[in-house]
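Some notes on the structure that comes next.
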Amino acid sequence: MKILVMGPGCPKCEQAEKNVREAVAEAGIAADIQKVKDFQEIAKYGVFSTPAVVIDGEVKVVGKAPSKKDVLSWLK
Amino acid sequence: MSEQNNISCACEGGEPTAAETGGGTGKGVGRILVLQILAVAAWYALYLQLLPFSEWFAYGLLGLDPASHLGSAVQFFVYDTPKVLMLLLLVVYGVGILRSFVTVNWTRSFLAGKRESAGNVLAALLGVVTPFCSCSAVPLFIGFMTAGIPLGVTFSFLIAAPMVNEIALVLLYGLLGWKIAALYFATGISIAVVAGWVMGRMRLEPYVEDWVREIRAGEATDEPHMTWKDRFTYALDSVRDIVGRVWKYVVLGIAVGAAIHGYVPEGELAGIMGSEAWWSVPLSVLLGIPMYTNAAGVIPVVEALLGKGAALGTTLAFMMSVIALSFPEMVILRKVLKPRLIAAFILVVGCGILIVGYLFNAII
């Protein structure tokens, strides 16, 4: 599973990354978590508001940091 | 393009950190609705009690003399603090519901088909309610450009978004009265519309960074479907988020107001920031640029300035400059804009603020 956390590094983006990492650890699955800071790359996914989370190419949330509970529900 | 890490941004857009999405069906919505109506009724009943309570507290319980400085200062503080906080709760919740509909993607596709002029007005108005944070300014700019939204219309949005928002308006209303709040709203929107329109006429497109113009953005993703329950949760989260961040400025602002209220202003700033001094407006604008705070943070200062005899136009110009023209935001926008376009932005918006400043110094 490949998870992309998109955002230039603002506090909300850090929060998003933290929640994703915690959720993955809790679910106990092997996932490749990457931070995407390049705006060109972000735009390619049709994301125009950060933070955003993309799991296996599918955009799950845009413009807000998801809660750990949200991320867990996507991991199932 | 990753050196943005250390830039702090006063995210006022109300982007709740932990809104729960998904789940919840339509069930329970009726119950939530009834609860909300009850909550608003209770809110109103409590709101009506604030004035009698503050008078009882200051003059009855503490036994202060209503005619004394201390008495009226205490009464003002005890009345205004809960009043403004309660207004803030209600308005932020209402705007939170609205924001769950008006997302960045929605605004992007809504503005995409609009021409200039009408587009400038719509963009400025949407800037008030669309969730926006200066950290997100670059992806948003790219999104608007790739949707074919004219540059001038995009700037109307980017100018209005930080400058005019519900928090600034509630605080101005609560602390300085509805007239100043209305004045701020009308002039803020006008500056965003006119400055955006002027920038559209200036043919600045070549000064957008080349890589931005070459971007072929992907299809905008569909927003995850939100049930009404999700929207209520979203609004509640934004209340927690925004009120949690802003309450200290409210208390500070009211403390300043109480001090001025109780102890008659001395008008010591009337000389340097009064309407007599022609240079006070440009000076306020220049002073405002390096200062960076959100709308909530600047309002206690505004209140103190007005109380000490600064002219209204000069003070409004200062407030707008602090919020709308900020150095860190220029650094963020530099990633997508060439220096000449940034200079044009500062110049056009700065001129707009100057005109507003002079206008109100002349009228009032």
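Note that the protein sequences, when read in sequence, are chains A and B. Numbers given in this note's numbering equal positions in the first sequence, counted from 1, plus 35. Numbers given in this note's numbering equal positions in the second sequence, counted from 1, plus 2. All residues carry an ideal CB built from backbone N, CA and C; glycine is no exception. As the structure is a prediction and not an experimental result, all values here were calculated from the model.
Bridge partners - residue 67 of chain A, DSSP secondary structure assignment:
A:37
Thinking C-beta only, is residue 306 of chain B closer than 8 Å to residue 248 of chain B?
Contact: no.
Just to confirm my understanding: we take residue 76 of chain B, look at its own chain, exclude 5 residues before and 5 after, and list those with CB closer than 7 Å. What are they?
60, 64, 66
Shortest alpha-carbon distance to residue 52 of chain B belongs to which of B:32, B:141, B:78?
B:78
If you compare alpha carbons, which of B:34, B:151, B:197, B:188 is closest to residue 349 of chain B?
By alpha-carbon distance to residue 349 of chain B, the top candidate from B:34, B:151, B:197, B:188 is B:197.
Within this structure, are the beta carbons of residue 241 of chain B and residue 46 of chain B separated by less than 8 Å?
no
Which one or two residues does DSSP pair with residue 93 of chain A in a beta bridge?
DSSP output for residue 93 of chain A lists A:90 as bridge partner(s).
Contacts that residue 77 of chain A makes with chain B (C-beta to C-beta distance below 7 Å)
Under the 7 Å cutoff, chain B gives 141.
Return no unless some Cβ of chain B is closer than 8 Å to the Cβ of residue 96 of chain A.
yes
Spatial neighbours of residue 6 of chain B within its chain, please: C-beta separation below 7 Å, excluding the five flanking residues on both sides.
Here residue 6 of chain B scores only 39 on pLDDT, less than 50, and its place in the model is too uncertain to base an answer on.
In terms of DSSP beta bridges, what is residue 339 of chain B paired with?
B:210
Which of helix, strand or coil does DSSP assign to residue 61 of chain A?
helix
Who are the near neighbours of residue 222 of chain B in its chain, counting only those whose CB is closer than 6 Å to its CB and skipping five residues on each side?
107
Go ahead and label residue 73 of chain A buried or exposed: buried means 16 or more other beta carbons lie within 10 angstroms of its beta carbon, across all protein chains shown.
exposed
Tell me which same chain residues have a C-beta within less than 8 Å of the C-beta of residue 360 of chain B, skipping the five on either side of it?
Excluding five sequence positions before and after residue 360 of chain B, the CB atoms of its chain that fall closer than 8 Å to its own CB belong to 283, 315, given in chain order.
Can you list, in chain order, the residues of the stretch 60-91 of chain A whose Cβ is nearer than 7 Å to any Cβ on chain B?
Within the stretch 60-91 of chain A, 72, 73, 74, 75, 77, 78, 79, 80, 81, 82, 83, 84, 85 place their CB atoms closer than 7 Å to a CB of chain B, listed in sequence order.
Residue-chain proximity (residue 344 of chain B, chain A), Cβ-Cβ < 8 Å:
Residue contact with chain A for residue 344 of chain B: absent (no Cβ-Cβ distance below 8 Å to any residue of chain A).
Just to confirm, are residue 82 of chain A and residue 40 of chain A a CB contact at a threshold of 8 Å?
no
For residue 227 of chain B, which of helix, strand or coil comes out of DSSP?
Coil at residue 227 of chain B, not helix or strand.
Quick check on the burial criterion: 16 or more other C-beta atoms within 10 angstroms. Buried or exposed for residue 329 of chain B?
exposed
Closest to residue 77 of chain A by CA distance: which of B:219, B:279, B:70, B:44 is it?
B:219
If you follow the alpha helix (DSSP H) that residue 293 of chain B is in, where does it begin and where does it stop?
Element bounds for residue 293 of chain B: n/a, residue is neither H nor E.
If you compare alpha carbons, which of B:185, B:83, B:351, B:363 is closest to residue 158 of chain B?
B:351
Are the CB atoms of residue 90 of chain B and residue 245 of chain B nearer to each other than 8 Å?
Yes, they are a contact pair.
Is DSSP giving residue 246 of chain B helix, strand or coil here?
helix
Could you tell me whether the Cβ atoms of residue 75 of chain A and residue 291 of chain B are closer together than 8 Å?
Going by C-beta atoms, residue 75 of chain A is not nearer than 8 Å to residue 291 of chain B.
Measure the CB-CB distance between residue 66 of chain A and residue 36 of chain A and report whether it falls below 8 Å.
yes
Under 8 Å between C-beta atoms of residue 321 of chain B and residue 338 of chain B
At a Cβ-Cβ threshold of 8 Å, residue 321 of chain B and residue 338 of chain B do not count as neighbours.
Am I right that residue 300 of chain B and residue 325 of chain B are in contact with their C-beta atoms under 8 Å? What's the rounded C-beta distance?
6 Å
Quick check on the burial criterion: 16 or more other C-beta atoms within 10 angstroms. Buried or exposed for residue 151 of chain B?
buried
Using a Cβ cut-off of 8 Å (strictly closer), state whether residue 105 of chain B contacts chain A.
Cβ-Cβ to chain A under 8 Å: yes for residue 105 of chain B.
Can you pull the chain A neighbours of residue 145 of chain B, defined as C-beta to C-beta under 9 Å?
78, 81, 82, 83, 84
Could one say the Cβ of residue 110 of chain B lies closer than 8 Å to chain A's Cβ atoms, at least one of them?
Closer than 8 Å to some Cβ of chain A, the Cβ of residue 110 of chain B qualifies, so yes.
Assign residue 36 of chain B to one of two classes, buried (16 or more other C-beta atoms within 10 Å of its C-beta) or exposed (fewer than that).
Label assigned to residue 36 of chain B: exposed.
Going by Cα to Cα distance, which pick from B:39, B:188, B:210 is closest to residue 355 of chain B?
B:188
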